[in-house]
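Under the UniProt record's numbering, the residue at position 140 of the sequence shown is numbered 140, and the numbers go up by one with no gaps.
Ideal Cβ positions, reconstructed from N, Cα and C, are used throughout, including at glycine.
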Amino acid sequence: MNELLDPLLLARWQFGLTTVYHFLFVPLTIGLASTAAVFQTAWYRTGKAEYLRITRFFGGIFLINFAMGVVTGIVQEFQFGMNWSEYSRYVGDVFGAPLALEGLLAFFFEATFIGLWIFGWDKLPRGLHLATIWCVAIGSIVSAYFIIAANAFMQNPVGFQINEEKGRAELVDIGALLTNPVALAAFPHTIAASFMVAAGLVISAAAWHLARNQHLDTMRPALKFGLWVMVGSGILTTLFGDQLSLAMVATQPMKMAAAEATYDTVCGADASFSIFTLGTPDGSTELFSIRVPYLLSFLSTHTFDGCVEGINDLQAQYQELFGPGDYTPIIWVTYWSFRWMIGLGLAHVLVAVVGLWLTRKGRLPEQRWIWTIAIWSFPLSLAAMIVGWVFTEMGRQPWIVFSQMFTESAVSPNVTGLEVLISLIAFTLVYGALAVVEVRLVIRAIKKGPPEVGEPDPETGRHEPATTVY
């Protein structure tokens, strides 16, 4: 019973639950804002009704998602003070800086222009109104960078010094914090993956209507857009992920070793990429694996004769540096989350490639099962991002700030396990209800389809939006 009411365990579960739930909305917000901006730009340049209808269609879904993301994101800030007060006390001066920049600059910038975009359709000049949605898209991306910079400090702490008298870390170089090599590598990887998630929603929504042979004028271009963005952003995600792996090897070699279940240091042909591995229950020895020779060496060092440090060797090094203890993350979690991240993302790109082939030269497949796959493929890239986040955070364990603070030292000392359990249950119930609301609203918006627009202006031949857009 005492283990079930362990404040550390429950606080970790609560943070994982609320963060994963909030993360469901983040990539969609980033990707759909840019999607709406692209299609509104197409309407601005051509005046064609179908582009205006697509803008309003995906813009409406974006607003639903943005509102839900704001509601769930507020909880994240409070948790640092409630369940993780020791963490906030020790590194709040450093970690809080990029969060403050995100809230004061990026988020309010984004929220302000969302308001102008919603209510400015019939009040602002077309060019100025178009600029507002691009500001929203830019704001969402800048906001993501500040959050990634904060997380990168936990992976690779820079720009700080320890105040021994006060017993805490203090920010001394904001430039170093914001140009953390891990942040610079993780940012483009995350943004490209977010475009994959948004493209997945565009593909699924368009496929639902095209399978029913409706809204062909709008859903054909939307489907093509989604398919091409999925392929393009999938390629970019892979390339940027390669750069992120190099940064990970340089700053957190244990995470890379755990991702590959590499127990002993290997070089050259022995530094192979394991497609499947089984190890002993204590995770110290490999029993069976299926491997690709040289691939791990290339991914880790960009050479075919490079060496990759193993879990056992790194464990010995860390014990010398930081004292006795177990410095290995949960191997099966890091190993399989890394593979599920790659596999799910590649599966979604494959769906898009096949979709481009099947819809070439304006064709539309007649087989129902093809459309069914397209519709239900949406969760693939979103799930890939979620397990990628799990890998990033679990691979850092047992540190909450790598090399500086253990996770077990960061939990609030005066919060009881029962208090955390009650809030965990409450959050689970509330978030479950919000999930039902979100899914129903999005499905209803998708099924409703793109709104109609009036007749074109007799003088310009352009279609104009209605006074009430959303």
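Opening and closing residue of the alpha helix (DSSP H) in which residue i lies
{"i": "Glu50", "result": "Ala49 to Met82"}
{"i": "Ile330", "result": "It is not in any alpha helix (DSSP H) - Ile330 carries neither H nor E in the DSSP assignment."}
{"i": "Trp399", "result": "It is not in any alpha helix (DSSP H) - Trp399 instead sits in the beta strand (DSSP E) that spans Trp399 to Val401."}
{"i": "Asn312", "result": "Ile311 to Phe322"}
{"i": "Phe391", "result": "Pro379 to Met394"}
{"i": "Gln14", "result": "Pro7 to Phe23"}
{"i": "Phe298", "result": "Leu295 to Thr301"}
{"i": "Gln40", "result": "Val26 to Thr46"}
{"i": "Gln161", "result": "No alpha helix (DSSP H) holds Gln161; the beta strand (DSSP E) holding it covers Phe160 to Asn163."}
{"i": "Trp121", "result": "No alpha helix (DSSP H) contains Trp121, which DSSP labels as neither H nor E."}
{"i": "Thr251", "result": "Leu216 to Thr251"}
Proximity to residue i [Cα-Cα], best of the options
{"i": "Val94", "options": "Ile147, Ile141, Ser143 and His129", "result": "Ile147"}
{"i": "Ile203", "options": "Ala426, Ser88 and His348", "result": "His348"}
{"i": "Arg89", "options": "Ala169, Ala67, Ala97 and Thr18", "result": "Ala169"}
{"i": "His215", "options": "Cys135, Tyr51, Ala33 and Thr19", "result": "Tyr51"}
{"i": "Ala426", "options": "Gln14, Gly268 and Val249", "result": "Gln14"}
{"i": "Glu452", "options": "Tyr44, Lys48 and Leu5", "result": "Lys48"}
{"i": "Glu438", "options": "Ala33, Asn65 and Thr41", "result": "Asn65"}
{"i": "Trp134", "options": "Met230, Tyr44, Ala211 and Ile74", "result": "Tyr44"}
{"i": "Gly224", "options": "Gly159, Val142, Val354 and Ile443", "result": "Here the sequence assigns Lys to residue 224, which means Gly is not the residue at that position. Ranking Gly159, Val142, Val354 and Ile443 by Cα distance to Lys224 puts Val354 first."}
{"i": "Ser377", "options": "Gly69, Pro398, Leu350 and Ile400", "result": "Leu350"}
Inter-residue CB distance, residue i and residue j (contact presumed, cutoff 8 Å)
{"i": "Val197", "j": "Pro27", "result": "4 Å"}
{"i": "Leu177", "j": "Ala97", "result": "7 Å"}
{"i": "Ala352", "j": "Leu201", "result": "Rounded, the Cβ-Cβ distance is 13 Å, inconsistent with contact."}
{"i": "Met405", "j": "Val172", "result": "So it is not a contact: roughly 17 Å between Cβ atoms."}
{"i": "Ser86", "j": "Ala445", "result": "With the sequence shown as reference, residue 86 is identified as Glu, and Ser is not the correct amino acid for it. Contact doesn't hold; Cβ gap of about 43 Å is too wide."}
{"i": "Val136", "j": "Gln155", "result": "Their Cβ separation, rounded to whole angstroms, is 29 Å, which puts Val136 and Gln155 out of contact at 8 Å."}
{"i": "Thr29", "j": "Phe62", "result": "7 Å"}
Local Cβ density within 10 Å of residue i, reported as buried at 16 or more and exposed below that
{"i": "Ser300", "result": "buried"}
{"i": "Leu380", "result": "buried"}
{"i": "residue 490", "result": "This structure cannot speak to residue 490, because the chain is shown only from 1 to 470."}
{"i": "Gly167", "result": "exposed"}
{"i": "Gly115", "result": "exposed"}
{"i": "Phe80", "result": "buried"}
{"i": "Asn163", "result": "exposed"}
{"i": "Ile54", "result": "buried"}
{"i": "Glu459", "result": "Note that Glu459 has pLDDT 48, beneath the 50 cutoff, so the model's placement of it is unreliable and the number below is only indicative. Per the 10 Å Cβ criterion, exposed."}
{"i": "Met1", "result": "Unreliable placement is indicated for Met1, whose pLDDT of 48 sits below 50; the coordinate value is still reported in the next sentence. Classification of Met1: exposed, given that the 10 Å Cβ count is below 16."}
{"i": "Thr46", "result": "exposed"}
{"i": "Val430", "result": "exposed"}
{"i": "Ile235", "result": "exposed"}
{"i": "Gly241", "result": "buried"}
{"i": "Gly345", "result": "buried"}
{"i": "Ser403", "result": "exposed"}
{"i": "Arg56", "result": "buried"}
{"i": "Ile275", "result": "exposed"}
{"i": "Ala222", "result": "buried"}
{"i": "Ala192", "result": "buried"}
{"i": "Thr468", "result": "Because Thr468 sits at a pLDDT of 46, beneath the cut-off of 50, its placement in the model cannot be relied upon, and the following sentence gives the value as read from the coordinates. Exposed: under 16 other Cβ atoms inside 10 Å."}
{"i": "Ala316", "result": "exposed"}
Neighbour flag for residue i against chain B, beta carbons, 7 Å
{"i": "Ala198", "result": "No chain B appears in the structure shown, which is made up of a single protein chain."}
Enclosing beta strand (DSSP E) for residue i [first to last residue]
{"i": "Ala131", "result": "Taken as a continuous stretch (DSSP letters only), Ala131 belongs to no beta strand (DSSP E), being part of the alpha helix (DSSP H) at Arg126 to Gln155."}
{"i": "Glu170", "result": "Arg168 to Leu171"}
(Q) Below 8 Å, how does it come out for the segment 329-349 and the segment 388-408: are there three or more Cβ pairs, yes or no? (A) yes
Q.
Using 8 Å as the cut-off, can you tell me whether the segment 319-336 makes contact with the segment 205-220, which would need three or more C-beta pairs spanning the two stretches below that distance?
A. no
Q: Answer yes if the segment 312-319 comes into contact with the segment 249-263, meaning at least three C-beta pairs across the two stretches below 8 Å, and no otherwise.
A: yes
Q.
For the structure I just gave you, are there three or more beta carbon pairs, one from the segment 117-132 and one from the segment 18-27, closer than 8 Å?
A. no
Q: Determine, using beta-carbon pairs with one atom in the segment 406-424 and one in the segment 3-16, whether at least three such pairs fall under 8 Å.
A: yes
Q) Is the segment 205-212 in contact with the segment 367-374, if contact means three or more CB pairs nearer than 8 Å? A) yes
Q. Pairing CB atoms from the segment 352-368 with CB atoms from the segment 289-308, are three or more of them under 8 Å?
A. no
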